[in-house]
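Asks: Chains as they are written, first to last, in the numbering used here: chain A, 1 to 272; chain B, 273 to 566; chain C, 567 to 982. One structure follows; several queries about it will come next.
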Amino acid sequence: MRIKTSLISTSILCFATFLALAPLFWMVSVSFMGPEDTNSLTPPILPTKVTFENYELLFTQQSMGRYLLNSLIISTCATLLALSFNITAGYAFAKLKFTGKEKLFQGLLMALVIPGQLSMFPLFFMAKNMGLLNSFGGVLIPFMASLFGILMVRQYALSIPNEMLEAARIDGASEYQLFWHIVLPNLTPIMVTLAIFTFLGAWNDFLWPLIVLSDDKFYTLPLALAGLSREHVQDHGLIMAGAMVTIVPVLLIFLVLQRQYVRGLLAGSVKG
Amino acid sequence: MNKRLSMQAGWVFIAPSLFVLMVFFFGPVFLALIMSFSDFDIYSLADISNLRWIGLDNYTKLLQTPLFWKALGNTFFLAIFGTPLSIAVSLGLAMALNVKSAPFKGFFRIVLFTPYVTTLVAAAAVWHFILDTRSGLLNQGLRLLGFDGLDWLGDPHFSLPAIILFSIWKSFGYNMLILLAALQKIPDELYEAATLDGANAWQRLLHVTLPGIMPSLWMVSLITLAGYFQLFAEPYVMTQGGPAQSTLTLMYFMYNEGFKWWNLGTASATAFVLFLMLLGISIASPKNETDAKS
Amino acid sequence: MNRRNALSLFLSAGLSACFRREDGLRIWAMGTEGEKIVPFIDNFNRKTKGPKFRSQALPWSAAHEKLLTAFAADNLPDVIALGNTWVSEFAALDALEPLNSYGIDTSNMFEAAIDNATIEGKLLGVPWYVETRLLFYRKDNLARAGFNNPPQTWAEWETQLAALDKIGGNHKFGAFMPVNEFEPLVAFCLQSEDQILIDNATKGGFQSRGIAETFAFVKSLYDKGYAAVLAGAEAPDLYASFGRGEFTYVITGPWNIAEMRKRLPDNVQDKWATAPLPGKNGIGASILGGVSLAINRASANKAAAIELLKELISVEVQADFSLATADLPSVKPAWAVAGLNSDPNAQSFYQQLSLAKAPPKAPEWERIANEMAIAMERVVRGIQTLDDALIGLDNFANGILAKRRFMLQLKGETHE
Numbered sequence: 001m002r003i004k005t006s007l008i009s010t011s012i013l014c015f016a017t018f019l020a021l022a023p024l025f026w027m028v029s030v031s032f033m034g035p036e037d038t039n040s041l042t043p044p045i046l047p048t049k050v051t052f053e054n055y056e057l058l059f060t061q062q063s064m065g066r067y068l069l070n071s072l073i074i075s076t077c078a079t080l081l082a083l084s085f086n087i088t089a090g091y092a093f094a095k096l097k098f099t100g101k102e103k104l105f106q107g108l109l110m111a112l113v114i115p116g117q118l119s120m121f122p123l124f125f126m127a128k129n130m131g132l133l134n135s136f137g138g139v140l141i142p143f144m145a146s147l148f149g150i151l152m153v154r155q156y157a158l159s160i161p162n163e164m165l166e167a168a169r170i171d172g173a174s175e176y177q178l179f180w181h182i183v184l185p186n187l188t189p190i191m192v193t194l195a196i197f198t199f200l201g202a203w204n205d206f207l208w209p210l211i212v213l214s215d216d217k218f219y220t221l222p223l224a225l226a227g228l229s230r231e232h233v234q235d236h237g238l239i240m241a242g243a244m245v246t247i248v249p250v251l252l253i254f255l256v257l258q259r260q261y262v263r264g265l266l267a268g269s270v271k272g
Numbered sequence: 273m274n275k276r277l278s279m280q281a282g283w284v285f286i287a288p289s290l291f292v293l294m295v296f297f298f299g300p301v302f303l304a305l306i307m308s309f310s311d312f313d314i315y316s317l318a319d320i321s322n323l324r325w326i327g328l329d330n331y332t333k334l335l336q337t338p339l340f341w342k343a344l345g346n347t348f349f350l351a352i353f354g355t356p357l358s359i360a361v362s363l364g365l366a367m368a369l370n371v372k373s374a375p376f377k378g379f380f381r382i383v384l385f386t387p388y389v390t391t392l393v394a395a396a397a398v399w400h401f402i403l404d405t406r407s408g409l410l411n412q413g414l415r416l417l418g419f420d421g422l423d424w425l426g427d428p429h430f431s432l433p434a435i436i437l438f439s440i441w442k443s444f445g446y447n448m449l450i451l452l453a454a455l456q457k458i459p460d461e462l463y464e465a466a467t468l469d470g471a472n473a474w475q476r477l478l479h480v481t482l483p484g485i486m487p488s489l490w491m492v493s494l495i496t497l498a499g500y501f502q503l504f505a506e507p508y509v510m511t512q513g514g515p516a517q518s519t520l521t522l523m524y525f526m527y528n529e530g531f532k533w534w535n536l537g538t539a540s541a542t543a544f545v546l547f548l549m550l551l552g553i554s555i556a557s558p559k560n561e562t563d564a565k566s
Numbered sequence: 567m568n569r570r571n572a573l574s575l576f577l578s579a580g581l582s583a584c585f586r587r588e589d590g591l592r593i594w595a596m597g598t599e600g601e602k603i604v605p606f607i608d609n610f611n612r613k614t615k616g617p618k619f620r621s622q623a624l625p626w627s628a629a630h631e632k633l634l635t636a637f638a639a640d641n642l643p644d645v646i647a648l649g650n651t652w653v654s655e656f657a658a659l660d661a662l663e664p665l666n667s668y669g670i671d672t673s674n675m676f677e678a679a680i681d682n683a684t685i686e687g688k689l690l691g692v693p694w695y696v697e698t699r700l701l702f703y704r705k706d707n708l709a710r711a712g713f714n715n716p717p718q719t720w721a722e723w724e725t726q727l728a729a730l731d732k733i734g735g736n737h738k739f740g741a742f743m744p745v746n747e748f749e750p751l752v753a754f755c756l757q758s759e760d761q762i763l764i765d766n767a768t769k770g771g772f773q774s775r776g777i778a779e780t781f782a783f784v785k786s787l788y789d790k791g792y793a794a795v796l797a798g799a800e801a802p803d804l805y806a807s808f809g810r811g812e813f814t815y816v817i818t819g820p821w822n823i824a825e826m827r828k829r830l831p832d833n834v835q836d837k838w839a840t841a842p843l844p845g846k847n848g849i850g851a852s853i854l855g856g857v858s859l860a861i862n863r864a865s866a867n868k869a870a871a872i873e874l875l876k877e878l879i880s881v882e883v884q885a886d887f888s889l890a891t892a893d894l895p896s897v898k899p900a901w902a903v904a905g906l907n908s909d910p911n912a913q914s915f916y917q918q919l920s921l922a923k924a925p926p927k928a929p930e931w932e933r934i935a936n937e938m939a940i941a942m943e944r945v946v947r948g949i950q951t952l953d954d955a956l957i958g959l960d961n962f963a964n965g966i967l968a969k970r971r972f973m974l975q976l977k978g979e980t981h982e
């Protein structure tokens with residue numbers, strides 16, 4: 001009986017794995033195919049002749065290297081911004097007492113329902129007046145503070161033992177010393193998680209950069225790829241290669257740091 | 273003395289992010305509401321004095337715009353059909369992963385989560401090719417199995433299902449992990465007791481599993497539902513809203529009104545309609561375990 | 567220590583990019599022209615002692631949005647290549663510099679193109695390259711159906727299409743006309759004596775007899791199976807299909823002269839030709855398209871921009887650009903220099919360009935044109951009747967043009 005259920009579940013999982021990975025495998029394969037394969041009526045599963053010309057074209061003609069660099073810079077800056085703004089707030093909501101804390105927190109929770117797109121249009125004009133349009137700064141605005149980030153940090157910070165904090169206070173430490181020397185080191189795991197989330201979120205961000213950036217030299221990978229995909233519709237190999245360049249870095253980050261990523265995903269999502 | 277300092281510190285600690293949220297989030301949201309009561313369009317863009325205040329006209333005009341209803345209908349289709357399918361897939365796989373004696377669980381968990389991590393635009397570009405009528409992988413596979421290929425992205429009847437298919441592939445991993453964690457919290461004794469009482473697998477599912485994960489099930493359903501309401505990048509990359517506007521979603525409609533035609537009054541009104549719908553969904557959802565179980 | 571240095575270097579690169587504004591002169595152009603213009607800009611930069619230009623290519627599918635977004639962001643380039651239907655829109659935005667007094671010679675250009683770029687007497691763009699749509703067709707298919715000449719009237723065309731339906735072999739359908747492209751539909755509508763938009767383009771004229779007749783004519787082509795109901799991206803590869811003779815007619819533009827030569831197999835090259843569009847009673851008008859070069863009113867260096875403009879419309883550069891892009895020069899003398907006078911296909915275009923008409927000059931025109939294609943697709947797919955579609959189009963146009971009506975009424979300009 002045990003064997004039967006585990007056989008069933010394993011076959012289901014194998015089938016699901018096949019379906020989950022097949023598109024990605026196809027992406028890799030096509031990215032190395034030449035036009036003879038991609039333009040034929042039924043492109044093969046594996047390239048008849050492995051070629052690097054798609055990647056060559058990407059980086060020489062289509063400036064993919066610049067877009068890759070842009071994505072790296074923006075994602076890194078977004079991560080640093082998010083860490084700077086959200087850690088202190090998350091800890092404060094978890095462990096510090098101040099007037100209006102509960103009501104404020106409830107208000108922020110309710111605000112989670114508000115879709116980000118609502119703020120897009122006025123934010124566009126705000127960014128314009130601040131001279132941040134068509135620059136990295138404009139793209140970074142939404143990453144400075146995020147409700148989700150604050151909640152994530154708060155949820156984790158709740159688990160810091162109060163006794164530890166009280167002991168330090170009794171020893172005469174100020175709140176700021178407390179934060180810097182005791183709390184921060186304890187928050188390292190969630191900081192890593194927040195960093196991963198923010199980095200990936202910024203890397204994958206599409207709609208806002210689409211609106212903010214008009215000069216292609218500032219483009220991020222998703223923007224460049226969307227343009228490529230709409231403009232060079234028949235150039236399948238090129239587009240798959242572009243998709244590869246966009247996906248591989250985030251996949252690598254995920255694979256290396258998956259434990260922290262998954263922990264952050266589950267934090268606060270499962271009651272109890 | 274300590275208490276006052278602690279309070280001060282509290283406000284100092286939250287000040288930066290609160291300030292940013294006020295200025296860059298709540299502020300614009302409020303401004304968007306105001307904008308939705310005006311007829312801001314490209315003429316206003318040229319000269320702000322062309323702006324007129326029209327109260328709720330944007331909203332009433334919106335309700336009379338056939339394309340708005342088409343977009344709404346498309347979005348509802350995605351939400352109503354996509355959400356249960358998505359949840360079913362995630363739950364099924366979570367249950368498969370929860371089987372104690374199954375091997376390689378860690379490996380499967382990671383691999384099955386991979387689609388969720390991929391960049392949406394890139395995945396959409398890949399799937400655009402996969403769904404290609406002539407040479408795409410999906411139709412090739414179907415033909416191998418003896419079926420005819422379908423015109424996934426060119427036939428208005430198949431375009432939304434194609435988007436659902438892609439969307440499920442892309443996001444099932446997230447719900448799967450959350451449901452798995454919820455499943456793992458159900459004590460074994462409950463299952464054993466049920467079996468002793470003579471319950472079969474199906475009854476165990478209905479009476480032990482589902483009630484046990486109900487809060488998480490509600491949560492992922494709501495998140496998935498909300499996600500379908502905000503669908504944009506998929507049609508933008510794959511179909512440009514076509515064929516025959518069959519994949520024009522509410523967000524895409526809003527994007528077109530706002531950034532293609534610069535009818536910001538209409539676009540803001542659309543955004544608020546979307547917000548009200550999401551608000552309605554969240555209000556109507558159970559807030560705690562007792563609500564959920566009833 | 568090294569890590570900290572690297573990080574701060576990284577950050578300052580990022581921060582400087584945050585506040586970097588565009589310096590230097592810019593020109594934006596769409597599509598392949600945006601890529602092909604680069605050597606001409608380089609050449610100009612080499613020759614000129616003034617500031618240098620940088621060009622950026624915009625994909626057609628996103629160009630309109632990007633231009634409007636750039637306007638909203640106060641970030642339009644100094645020289646803008648504008649699709650002809652966009653000139654009136656950017657004129658309404660007061661974004662373009664009037665060019666009447668800069669001594670630009672437009673006397674040797676196609677009149678319809680100049681007219682298109684002239685709004686209320688102000689020349690707001692200089693035609694850069696022109697295009698129109700006409701018939702590309704397979705002579706051998708026609709011959710097999712018993713015809714030696716392309717059609718000159720709608721009735722002739724229908725007769726031919728009916729005969730073509732029966733020739734069998736590779737032939738699948740008569741005309742390749744994807745329903746989501748509005749240009750052929752608009753071209754036929756422009757042949758009518760009735761206007762698509764009336765009252766100085768402030769109201770819809772879709773229920774007028776001429777326009778309704780045109781819609782019915784186009785619809786009948788789909789209904790009778792002469793034109794297949796295909797949406798552009800899902801259609802079979804145009805060139806492979808044309809090369810196999812699977813259809814006989816396609817209404818398309820001048821870029822396909824070179825594309826057909828490039829992509830069709832050698833044994834097919836002498837089997838295709840071009841001809842002007844049939845009209846109701848004889849060879850008809852077509853839609854004037856193309857791109858004009860305009861100057862941003864907010865440009866910091868209009869003098870340099872004018873110099874670039876003059877360079878790009880000089881006969882030699884027009885001819886060279888035409889050879890590089892297969893676009894048709896807006897400057898008539900350049901045709902001879904580019905060898906287009908000896909090309910019968912190009913000559914069809916010359917003929918059609920002399921009969922072309924500019925589409926309505928309202929900023930909202932493109933939305934209405936898009937809606938025309940959308941309506942035709944609904945009608946052809948049986949989702950809506952033709953009468954309802956025409957009423958719907960009038961409602962749509964009237965709704966969209968409401969603001970324009972309002973503003974022109976203020977100026978007393980609603981009557982032509």
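Note that CB positions come from ideal geometry on N, CA and C, so glycine has one too.
On the CB-based measure, 16 or more other CB atoms within 10 Å of its CB, does C14/A come out buried or exposed?
Replies: With fewer than 16 other Cβ atoms within 10 Å, it is exposed.
Asks: Between the beta-carbon of A939/C and the beta-carbon of F748/C, is there less than 8 Å?
Replies: Yes. Within cutoff.
Asks: Just list the residues that DSSP pairs Y703/C with in beta bridges.
Replies: Answer by DSSP bridge pairing, in chain order: Y815/C, A839/C.
Asks: In the structure shown, what three-state DSSP assignment does R587/C receive?
Replies: With a pLDDT of 48 at R587/C, under the threshold of 50, the modelled position of this residue cannot be trusted; read the value that follows with caution. Of the three classes helix, strand and coil, the one that applies to R587/C here is coil, per DSSP.
Asks: Along the segment 171-183 of chain A, where does the CB come closer than 9 Å to a CB of chain C? Name the residues.
Replies: Those would be none; no residue qualifies.
Asks: Give, in chain order, every residue of the segment 111-131 of chain A whose Cβ lies closer than 7 Å to some Cβ of chain B.
Replies: Result list: V113, I114, P115, Q117, L118, S119, F121, P122, L123, M126.
Asks: State the start and end residues of the unbroken alpha helix (DSSP H) segment that holds S63/A.
Replies: S63/A -> no alpha helix (DSSP H), and no H or E assigned at all.
Asks: With 8 Å as the threshold, decide whether the Cβ of N186/A is near any Cβ in chain C.
Replies: Chain C, which has no Cβ nearer than 8 Å to the Cβ of N186/A, makes this no.
Asks: Using a 10 Å radius around the Cβ and a threshold of 16 neighbouring Cβ atoms, would you call N936/C buried or exposed?
Replies: Flag for N936/C reads exposed.
Asks: Could you tell me the distance, in whole angstroms, from the CA atom of T10/A to the CA atom of V361/B?
Replies: When rounded, the distance between both Cα atoms is 15 Å.
Asks: Which partner residues of E697/C appear in the DSSP bridge assignment?
Replies: Answer is G855/C.
Asks: Does DSSP put M279/B in a helix, a strand or coil?
Replies: M279/B: helix per DSSP, three-state reduction.
Asks: Output yes if chain E places a C-beta closer than 8 Å to the C-beta of F504/B; else output no.
Replies: Any reference to chain E falls outside this structure, whose protein chains are A, B and C.
Asks: Compute the distance between the beta-carbons of N650/C and S858/C, then report whether it is under 8 Å.
Replies: In this structure, S858/C lies closer than 8 Å to N650/C by Cβ.
Asks: Thinking just about the alpha-carbon of each residue, which of T542/B, A541/B, G537/B, K457/B is nearest to the one in F312/B?
Replies: Of the listed residues, the one whose Cα sits closest to F312/B is G537/B.
Asks: Put P428/B into one of helix, strand or coil per three-state DSSP.
Replies: P428/B: helix per DSSP, three-state reduction.
Asks: So if DSSP puts W325/B in a beta bridge, which residue, or which two residues, is it bridged to?
Replies: For W325/B, which the question treats as bridged, DSSP gives the partners S310/B.
Asks: Pop quiz: I359/B and N447/B are said to be a contact at Cβ under 8 Å. What is the actual Cβ separation, rounded to whole angstroms?
Replies: 6 Å between Cβ atoms; contact.
Asks: Check whether the Cβ of G227/A lies closer than 8 Å to any Cβ atom in chain C.
Replies: It does: the Cβ of G227/A has a partner Cβ on chain C nearer than 8 Å.
Asks: Listed from N- to C-terminal order along the chain, which residues in the segment 514-526 of chain B have their beta-carbon within a distance smaller than 8 Å of any beta-carbon of chain C?
Replies: Cβ contacts with chain C come from G514, P515, A516, Q517.
Asks: Could you work out which residues of chain C lie near L133/A, taking near to mean beta carbons separated by less than 7 Å?
Replies: Within 7 Å Cβ-Cβ: A639, N641.
Asks: Where are the alpha helix (DSSP H) runs, 4 residues long or more, that stay fully inside the segment 506-540 of chain B, in chain order?
Replies: With a minimum length of 4 residues, the continuous alpha helix (DSSP H) runs that stay inside the segment 506-540 of chain B are 522-527.
Asks: Classify S214/A: buried if its beta carbon has 16 or more other beta carbons within 10 angstroms, exposed otherwise.
Replies: Counting Cβ neighbours within 10 Å, S214/A comes out buried, since at least 16 surround it.
Asks: Are the C-beta of P625/C and some C-beta of chain A separated by less than 8 Å?
Replies: Yes, P625/C lies at the interface with chain A (some Cβ there is under 8 Å from its Cβ).
Asks: Residue ranges of each alpha helix (DSSP H) run of no fewer than 4 residues wholly in the segment 116-204 of chain A, ordered along the chain?
Replies: Those alpha helix (DSSP H) runs which fall completely within the segment 116-204 of chain A and span 4+ residues are 120-129, 136-140, 147-157, 162-170, 175-178, 184-204.
Asks: So I211/A contacts chain C; which residues on that side make the cut at Cβ distance below 7 Å?
Replies: Result: T635.
Asks: Tell me which same chain residues have a C-beta within less than 7 Å of the C-beta of P664/C, skipping the five on either side of it?
Replies: Around P664/C: K688, L689, L690.
Asks: Label T48/A either buried or exposed according to how many other C-beta atoms from any shown protein chain fall within 10 Å of its C-beta, with 16 as the threshold for buried.
Replies: When all chains shown are included, T48/A counts as exposed.
Asks: How many whole angstroms separate the CB atoms of I435/B and L344/B, which I take to be in contact at a CB cut-off of 8 Å?
Replies: Their Cβ separation, rounded to whole angstroms, is 16 Å, which puts I435/B and L344/B out of contact at 8 Å.
Asks: Looking at chain C, is there any beta carbon in it that lies within less than 8 Å of the beta carbon of K532/B?
Replies: So yes, K532/B belongs to the interface.
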